Amino acid sequence: MLTGALAIAALLAALAAFCQAEFGPLAKPSYCWGAWPEDGGPFRSGDHHRSAQETAPAPGRPYGACTLSWRGGRGAGAYRQRLDVRYGTGPREAEARRAWLSGLLVGGDSALPDGLPGFVAAGSGTLVLPPSCDVDGRPSVVTVTSSFRDADKTSAADGTDLAKPGGERPGFPDDSSPARTGRLLVDAANRAVRASRCAPSPVVQPQHAPPSWVRVSAGGPAEQCAIPGLTVAAADSVRLTDTVGSVGDDFQTCAVAADGRWAARFAMIARPRVVALFDGAAGDDAPAPGWRAHGRIDASGALIQADCAGRPTVFTMRTGPGRSRTRLDDARTVFPDFVDAVGRRIGCAPLHPSRNDPAE
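Under mature numbering (1 follows the signal peptide of the UniProt record, and there is no 0), read the sequence shown as residues -21 to -1, 1 to 339, first letter to last.
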């Protein structure tokens, strides 16, 4: 009897020693496949009522999902937080892929610094993983989406009025900067790469912070998004608000809101790995006769892919639930002007027949 008890004690001691060697003396829980410890990443001191739903990636299983929710703050400052992380390639079918891609760009997105293939906003971000992580010819991406709302109120029914008291707002109550989103995004991407073993080295945290978006209210007849050609009358412009993200040679975004609801979102993308996300989504046909591009343009949105100064480049626009009651509400009217202005700025030859001036 004593011998059996000693054997059990020895087994328990060995098991305890193994656990300490493998996981540390008192292993703390981690979240999103091990991307963040309980006191790091998105969490702050005093967070409580945490819940997590996770599907972890692994070698031979190049996809994953993680949804976190928790409560924080006290009294009038109490809030409920949600964070979603996704790892995968997105839909294959063209129409479903276009809808998925349009959801990644929320308007006013900033390009990740230091050339990283991705973009971030206050409450969302997308990072394209290295080519070795591609699956069936499609790039793998990691996305992060965060939102919060007051703890004692319900969210807006349609989620579109982000400024409504009690409604969901993007990001975090203490810091909704693209820089914070970018750090979380790289953390999650590195964990996805390690878990799936799809790349030999991790994604490097950028040395510079992505620029914060700028919100501008026009007070007169102005070029929306600071883009020539996107001009509306003075009486209309006072109702409109621009959110300008990056304005670079390989990435430019802007969103226009009308009376607090987003009405139009524009983007130009020329970063190769991000452009690769759109392969197959634009189709093979020109959007209209005479266009030097392939894609589609209708009243609700547009997506074209073209060669600009030797670089594959994507131009996209979509309209939203807000109505500006201007030409911005119809992509068929305003999208060609957006392509003209941005294309001229980045040295792109004319892409459609109405533009006859040479590229500058």
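For every residue, glycine included, the Cβ atom is placed at its ideal position computed from N, Cα and C.
No experiment lies behind these values; they were computed from the predicted model shown.
In the same chain as Phe245, and ignoring 5 residues on each side of it, the C-beta atoms closer than 7 Å to its own belong to Cys204, Thr232, Cys233, Met296, Phe317, in chain order.
Remark: C-beta atoms of Leu83 and Pro96 do not approach each other more closely than 8 Å. Straight across, the Cα-Cα distance linking Gly43 with Gly104 is about 16 Å. For the pair Asp18 and His28, the Cα-to-Cα distance works out to about 14 Å.
Residue state for Ser303 is assigned as coil, using DSSP reduced to three classes. If you look at Gly51, you'll find it in the beta strand (DSSP E) that goes 43 to 51.
DSSP, read as helix, strand or coil, puts Cys327 in coil.
Rounded to whole angstroms, the separation of the alpha carbons of Gly146 and Trp15 is 27 Å. Counting only the Cα atoms, Tyr10 lies some 44 Å from Ala288. Inclusion of Ala255 and Gly301 in the CB contact set at 8 Å is not warranted, their separation being larger than that value. The DSSP-derived three-state label of Glu74 is helix. In the structure shown, Arg240 adopts extended strand secondary structure according to DSSP, grouped into three states. The beta carbon of Arg23 sits closer than 8 Å to those of Gly51, Asp153, all from its chain and outside the five residues before and after it, given in chain order.
For the pair Ser175 and Pro41, the CB atoms are nearer than the 8 Å cut-off. Beta-bridge pairing by DSSP links Glu33 to Cys45. In the three-state reduction of the DSSP assignment, Pro38 falls in the coil class, being assigned neither a helical nor a strand state. Counting only residues of its own chain and dropping the five nearest sequence neighbours on each side, Asp88 has a CB closer than 6 Å to the CB of Phe98, Ala100, Gly224, Thr232. By the neighbour-count criterion, in which a residue is buried when 16 or more other Cβ atoms sit within 10 angstroms of its Cβ, Arg77 is buried. The beta carbon of Ser48 lies closer than 6 Å to those of Ser30, Arg61 in the same chain, with the five residues before and after it left out.
In this structure, Ser279 sits away from Leu219, with a CB-CB distance that is not shorter than 8 Å. With a 10 Å radius around the Cβ and a threshold of 16 neighbouring Cβ atoms, Arg53 comes out exposed.
Of the candidates Asp258, Phe151, Ile206, Asp258 places its Cα closest to the Cα of Thr68. Val121 and Ala178 have their C-alpha atoms some 14 Å from each other. With respect to the 8 Å criterion, Val183 and Leu108 are not classified as neighbours on the basis of their beta carbons. Here the alpha carbons of Pro251 and Asp319 stand approximately 21 Å from one another. Of Asp113, Ser126, Leu307, the smallest CA-CA separation from Gly39 is found for Asp113.
By the Cβ neighbour-count rule, Thr124 is buried, with 16 or more other Cβ atoms within 10 Å of its own. Take Arg170, set aside five residues on each side of it, and the residues of its chain with a beta-carbon closer than 8 Å to its own are Cys11, Trp12, Gly13, Ala14, in chain order.
Ala243 is the residue among Ala243, Asp115, Val211, Tyr66 whose C-alpha sits nearest the C-alpha of Gly299. The three-state secondary structure of Cys112, taken from DSSP, is helix. Each residue's CA atom was taken as its position, placing Val235 and Trp241 some 6 Å apart.
Nearest to Met247 by alpha-carbon distance, out of Thr34, Ala35, Pro21, Ser81, is Ser81. For Ser175, the enclosing alpha helix (DSSP H) begins and ends at 157 to 175.
Remark: C-beta atoms of Ala249 and Leu282 do not approach each other more closely than 8 Å.
When rounded, the separation of the alpha-carbon atoms in Thr222 and Gly239 is 12 Å.
DSSP places Trp79 within a helical segment (H, G or I) once states are collapsed to three.
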